[in-house]
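**Student:** Could you have a look at this structure, given as structure tokens, before my questions?
In full-length UniProt numbering, the protein residues as written are 1 to 638.
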């Protein structure tokens, strides 16, 4: 379990707001006290006017800092949440939030927390502390009995308010919970609109949304009702009692006071009650902000991974995960988003209960029977659909035979070794997704990986693309093995996913995600290599064609080829493709194959596929079964 990581209650901007609020009210008090007990009218008037002017200036600065501090803190908080999300995805956490639940945290909850901590809490702290100074000022400058009596009466208010908070805290948490449930339901309904209509579930979904909307409205009304009770209690009860106490003490001490002192006490009591009025009037901000802060803290404390078993040593230590995740967010904030990270955002490697998901991988090993006929001849028991595969024998995991060692040594001299995986294993809590993976990939090689659904192909690609860190074993990339290995991989790798992730905007917008400063000429060259330039030239707006949300205004084949062009534009020479032709028509498939064939001359290609049509692109073929991997020998690579 991760050590508790809690966002601080109030940061430097909030403390500055507290100081300003305190100073503003202090100068307001001094403007009243300077005239007590002196006959130098001109001096008193000038001093009072100076204090009033300072109070007005500081109050204005406080208002400006409230807004600017909240917005700056909101950006910082979202930065932390995104960094945490990247870190959880990198480690394949079994407790990571679904997008529908994460969205309210990044938007509504982040805004409520920052408004609470910067705009509300700073003012509240200053308002609570100031009356103590004010009553002490009355005690020292006017009358000690009245000042100390008002101080004792005031100190009872926070104590009673704390007890009252115990009864209204539940309503703030319930409101946040209902709001998150409603947001999740709406997002799910919008995402699955087609299936809802096809299945005739529209009326049922409509009723469910109406029910959750009513629950949310009820929770909000309860929260506002609690806020009204707070206003009544603070202003109607405590405020009235404090005013009555101060008045009674003033009457008892009237023989020791002059007219100026009585007037000063009356005005100072109004000033004493004003901060409490401000705090009570926006009390709902505090309740909602505290509930949102608890939800964010729970997410920040989400467990990354199960503990490593004894004897297992990961090639990538956890210490570098947060740094790499923060850098990934920083790059994204600057507008230079890594293609591998952007593409992977549309996939979830782990389900809600920690079960490995092979997203959209369909079919069986029969579809690639031509790729491993020789392997089946030498090992008759091996089969893509067989549960008793010889791949489960540890000695069989070594995919280089002794007779090829001499040739491998010659090749290693000619080519740089990019990846070297030694005994890599990953366990999501339901058995190993990868078991003792040993794999070497050299620069310039084209690798084809196949296997049945659930065999571990997507998890292996997660490691090869730097999105996952191994739990056991060692991962060496370009001869380096350290805690920043996944980060280094992401800087060198471009990923083309099975389901293309496209951003709402134009074709040029999506291409510039990989290269923000790319010229039109460079974009057209990349599109030409991806075999999509002709289609785009026929569009009326060309590169400025709007593709809609989730690329809904272009075909799937066109989106996939734009994704390949984006990878080319990133100028990364390692290209990982996860089923690049599985969801496109035959024409697009042919164009993609031609594009990959051209890229194979200049890039290292790692392709997961069930399509025999991609087999001719490979130099090395690997077959996966239940987390194990074995090289398939063909006439070309024997």
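By construction, the Cβ of each residue, glycine as well, lies at the ideal position given by its N, Cα and C atoms.
1. For a quick check, are the C-beta atoms of residue 209 and residue 185 less than 8 Å apart?
2. Just the C-alpha distance for residue 148 and residue 140, rounded to the nearest angstrom, thanks.
3. For the stretch 456-483, list the beta strand (DSSP E) runs that are entirely contained and at least 3 residues long, ordered along the chain.
4. Under three-state DSSP, which class holds residue 222?
5. If I follow the unbroken beta strand (DSSP E) through residue 632, where does it start and stop?
6. Quick one: using the 10 Å Cβ neighbour count with 16 as the cut-off for buried, is residue 558 buried or exposed?
7. Identify the continuous beta strand (DSSP E) that holds residue 439 and give its terminal residues.
8. DSSP on residue 407, reduced to helix/strand/coil?
9. Quick one: residues in its chain with C-beta nearer than 6 Å to the C-beta of residue 435, no 5 flanking neighbours on either side, listed in chain order?
10. Ordered along the chain, which non-local residues of its own chain (more than five positions away) have a Cβ less than 7 Å from that of residue 570?
11. Count the other CB atoms, across all protein chains shown, that sit within 10 Å of the CB of residue 130; report buried if there are 16 or more and exposed otherwise.
12. Which residues in the same chain have their Cβ closer than 6 Å to the Cβ of residue 437, if we skip the five residues on either side of it in sequence?
13. For the beta strand (DSSP E) holding residue 423, just list the boundary residues, first then last.
14. Three-state secondary structure (DSSP) at residue 575?
15. Quick one: any contact between the stretch 489-503 and the stretch 453-466, if contact means 3 or more CB pairs under 8 Å?
16. Where does the unbroken alpha helix (DSSP H) through residue 494 begin, and where does it stop?
17. Using three-state DSSP, classify residue 502 as helix, strand or coil.
18. Alpha carbon to alpha carbon, how far is residue 473 from residue 433?
19. So, for residue 507: in the same chain, excluding its five sequence neighbours on each side, which residues have a beta-carbon less than 7 Å away from its beta-carbon?
20. Between residue 238 and residue 157, is the Cβ-Cβ spacing less than 8 Å?
21. List the whole-angstrom C-beta distance separating residue 292 from residue 112, where the pair is believed to meet the contact cut-off of C-beta under 8 Å.
22. Where does residue 547 sit, in a helix, a strand or coil, going by DSSP?
23. Can you give the Cα-Cα distance for residue 299 and residue 477, rounded to whole angstroms?
24. Give the secondary structure of residue 624 by DSSP, where H, G and I count as helix, E and B as strand, and everything else as coil.
25. In the DSSP assignment, what are the bridge partners of residue 604?
26. List the endpoints of the continuous beta strand (DSSP E) containing residue 450.
27. Smallest Cα separation from residue 219: which of 245, 207, 190, 182?
28. The ligand PLP and residue 215: does any heavy atom of the ligand fall closer than 7 Å to the residue's C-beta?
29. Between residue 510 and residue 541, what straight-line distance do the alpha-carbon atoms span, to the nearest angstrom?
30. What do you reckon, are the CB atoms on residue 556 and residue 584 nearer than 8 Å?
31. At the level of alpha carbons, what is the spacing between residue 597 and residue 614?
32. Please state if the CB of residue 608 and the CB of residue 457 are separated by a distance shorter than 8 Å.
33. Nearest by alpha-carbon distance to residue 73: which of 107, 270, 85 is it?
34. What did DSSP end up calling residue 580 once you bin it into helix, strand or coil?
35. For residue 611, which residues from the same chain have a beta carbon less than 6 Å from its beta carbon, with the 5 sequence-adjacent residues on both sides left out?
36. Do you know how far the Cα of residue 576 is from the Cα of residue 686?
**Tutor:** A quick look at the data gives this:
1. Closer than 8 Å, so yes.
2. Cα to Cα, residue 148 sits roughly 10 Å from residue 140.
3. Fully enclosed beta strand (DSSP E) runs of 3 or longer: 472-477.
4. Three-state result, residue 222: helix.
5. Under the DSSP assignment, residue 632 falls in the beta strand (DSSP E) whose first and last residues are 628-632.
6. Buried, because 16 or more other Cβ atoms sit within 10 Å of the Cβ of residue 558.
7. In the DSSP assignment, residue 439 falls within the beta strand (DSSP E) that extends over 432-442.
8. Reliability fails at residue 407, whose pLDDT of 44 lies under 50, so the model's placement of it is uncertain and the value that follows must be treated cautiously. Of the three classes helix, strand and coil, the one that applies to residue 407 here is helix, per DSSP.
9. Leaving aside the five residues that flank residue 435 on each side, the residues in its chain whose CB is nearer than 6 Å to its CB run, in chain order, 425, 627, 628.
10. These residues qualify, in order along the chain: 339, 494, 514, 515.
11. It is buried - the Cβ of residue 130 has at least 16 other Cβ atoms within 10 Å.
12. If we look at residue 437 and ignore the five residues flanking it on each side, its Cβ neighbours are 421, 424, 629.
13. For residue 423, the uninterrupted beta strand (DSSP E) segment begins and ends at 417-427.
14. Annotated three-state conformation of residue 575 is strand, per DSSP.
15. Short answer: they touch.
16. Looking at the DSSP string, residue 494 is not in any alpha helix (DSSP H); the run it does join, the beta strand (DSSP E), is 493-496.
17. Of the three classes helix, strand and coil, the one that applies to residue 502 here is coil, per DSSP.
18. Distance between the alpha carbons of residue 473 and residue 433: 14 Å.
19. In the same chain as residue 507, and ignoring 5 residues on each side of it, the C-beta atoms closer than 7 Å to its own belong to 536, 543, 545, 547, 562, in chain order.
20. A contact, by the Cβ cut-off of 8 Å.
21. Here residue 292 really is in contact with residue 112; their C-beta atoms are around 4 Å apart, less than 8 Å.
22. Coil.
23. The alpha-carbon separation between residue 299 and residue 477 amounts to approximately 32 Å.
24. It is a strand residue.
25. According to DSSP, which records beta bridges pairwise, residue 604 is partnered with 574.
26. Here the beta strand (DSSP E) through residue 450 covers 446-451.
27. Comparing alpha-carbon positions, the option among 245, 207, 190, 182 lying closest to residue 219 turns out to be 182.
28. The ligand PLP is absent from the structure shown, which contains no ligands of any kind.
29. Each residue's alpha carbon lies about 15 Å from the other.
30. The answer is yes: Cβ separation under 8 Å.
31. For residue 597 and residue 614, the gap between their C-alpha atoms comes out near 9 Å.
32. In this structure, residue 457 lies near residue 608, with their beta-carbon atoms less than 8 Å apart.
33. Between residue 73 and the set 107, 270, 85, the nearest pair of CA atoms involves 107.
34. Looking at residue 580 - three-state DSSP - the assignment turns out to be coil, as it is neither helix nor strand.
35. Apart from the 5 residues on each side of it in sequence, residue 611 sits with its Cβ closer than 6 Å to the Cβ of 581 in its chain, given in chain order.
36. There is no way to answer for residue 686, as the model of the chain reaches only from 1 to 638.
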